[in-house]
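In the working numbering, the protein residues as written are 56 to 364.
Dropping the structure here:
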């Protein structure tokens, strides 16, 4: 177990290097010159001398691999440079917006877990009935809707039509409810179907018949089935968390939620490259960490995996 954990942690470093390298390469293929952009956003008409001076100041005159190594080293210490637009440290801007994004993703994750578990268990124990068909049809239709369209529909219904909640900004529980529900609906179909199918599968496993033959209570047997059925769902959910966080980009802009997704979109419109690079770096880090946590959770729930490693 310890050796496996150390091996997984060591694998994080080459994975992070690959992610950050490709992100850096993509941004170097941009059409605009960052030095010229940095001058123009400050309402300065750049000359060739000013652009060349800014390129030297930003280190853009250095070879590609030296620039990448410098950026990666500075990124590991939290130094992503300064924003071209307001000259504030990028790290401070990211850290200021990140809690709002994590709060939105956490609320969406809560809805995914609760609704998927509830609907999945109901569909499994009412398999092939009208209840099963109706619930699965509902989550399938919800997952088929584009998140921006569903968000607009919820805004019109609950804010414009009935004026029940405020759908702009970050003002407590009511303001996070609709963005979190909108973000979570796209994941329900996958996990409801996964939990349902796993429960139905494990109901016919030999250990279930053995448990009943030993005289265990039916409640204990069903809890064992549920525990085994959730192992695959936990792993899949852990690997979906980075996608969930990245998916907040559309929702944050739709609901004016002050998170890193909205910060990144604003940076794209202003060609604020340091913020875009920092966003990709942070998303890459969250991706590898969530995968590691998902692996650890699966091993905690499955003693057989602990024996194998």
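Even glycine gets a Cβ: it sits at the ideal position worked out from N, Cα and C.
In terms of residue numbering, what span does the alpha helix (DSSP H) encompassing residue 114 cover?
It is not in any alpha helix (DSSP H) - residue 114 carries neither H nor E in the DSSP assignment.
Between which two residues does the alpha helix (DSSP H) holding residue 183 run?
Per DSSP, residue 183 is not a residue of any alpha helix (DSSP H), being assigned neither H nor E.
Quick check for students: name the residue ranges of the alpha helix (DSSP H) that lie wholly in the segment 165-221, counting only runs of 4 or more.
If you keep only unbroken alpha helix (DSSP H) runs of at least 4 residues inside the segment 165-221, you get 185-199 and 202-210.
Which class does residue 329 belong to by DSSP, given the choice of helix, strand or coil?
In the three-state DSSP reduction, residue 329 falls in the helix class (H, G or I).
Measure the CB-CB distance between residue 209 and residue 233 and report whether it falls below 9 Å.
Cβ atoms of residue 209 and residue 233: closer than 9 Å.
Separation of residue 151 from residue 264, as counted between CA atoms:
When rounded, the separation of the alpha-carbon atoms in residue 264 and residue 151 is 54 Å.
CB residue 244 to CB residue 195, shorter than 9 Å?
Closer than 9 Å, so yes.
Simplified DSSP state of residue 58, which is helix, strand or coil
It is helical.
Cα-Cα, which of 215, 75 and 105 is closest to residue 91?
The candidate whose alpha carbon is nearest that of residue 91 is 105.
Identify whether residue 122 lies in helix, strand or coil by the three-state DSSP scheme.
Reduced to three states, the DSSP call for residue 122 is helix.
Who pairs with residue 274 in a beta bridge, going by DSSP?
Residue 274 is not bridged to any residue.
Given residue 82, which residues of its chain have a CB within under 7 Å of its CB, disregarding the five upstream and five downstream residues?
Hits under 7 Å: 328, 331 and 332.
Chain-order list of residues whose beta-carbon lies under 7 Å from that of residue 76 (same chain, five-residue window excluded)
Around residue 76, the same chain offers 123 as residues with beta carbons nearer than 7 Å, after the five sequence neighbours per side are excluded.
Would you be able to state if there are at least three C-beta pairs under 8 Å between the segment 175-193 and the segment 291-300?
The segment 291-300 vs the segment 175-193: no contact.
Measuring CB to CB, does residue 340 end up less than 9 Å from residue 71?
Taking 9 Å as the cut-off, the beta carbon of residue 340 is found closer than this to the beta carbon of residue 71.
Could you check where the alpha helix (DSSP H) with residue 100 kicks off and where it finishes?
That residue, residue 100, is in no alpha helix (DSSP H); it is neither H nor E in DSSP.
Given 8 Å as the limit, is there contact between the segment 345-352 and the segment 133-143, that is, 3 or more CB pairs closer than that?
For the pair of segments examined, the segment 345-352 was found not to touch the segment 133-143: the number of CB pairs separated by less than 8 Å stays below three.
Excluding the 5 residues preceding and the 5 following residue 251 in the sequence, name in chain order all residues of the same chain whose CB lies nearer than 7 Å to its CB.
Counting only Cβ-Cβ distances below 7 Å, and skipping sequence neighbours, we find 175, 178 and 179.
For residue 201, tell me which candidate among 241, 217 and 132 has the shortest Cα-Cα distance.
Taking each of 241, 217 and 132 in turn and checking the Cα distance to residue 201, the smallest one comes out for 241.
Does the segment 157-170 touch the segment 303-320, meaning 3 or more C-beta pairs lie closer than 8 Å?
These segments touch.
So, are the CB atoms of residue 182 and residue 255 less than 9 Å apart?
A contact, by the Cβ cut-off of 9 Å.
For residue 310, report the span of its alpha helix (DSSP H) as first-last.
Per DSSP, residue 310 belongs to no alpha helix (DSSP H) and is neither H nor E.
Go to residue 245, then tell me how far its alpha helix (DSSP H) extends in each direction, as first and last residue.
Membership of residue 245 in the alpha helix (DSSP H) is indicated by the continuous run 228-257.
Expressed to the nearest angstrom, what Euclidean distance is found between the alpha-carbon atoms of residue 136 and residue 288?
Roughly 39 Å separates the two Cα atoms.
Quick one: Cα of residue 197 to Cα of residue 164, how far?
C-alpha separation (whole angstroms): 16 Å.
Closest by CA to residue 246, which one among 84, 275, 219 and 167?
Cα-wise, what sits closest to residue 246 is 167.
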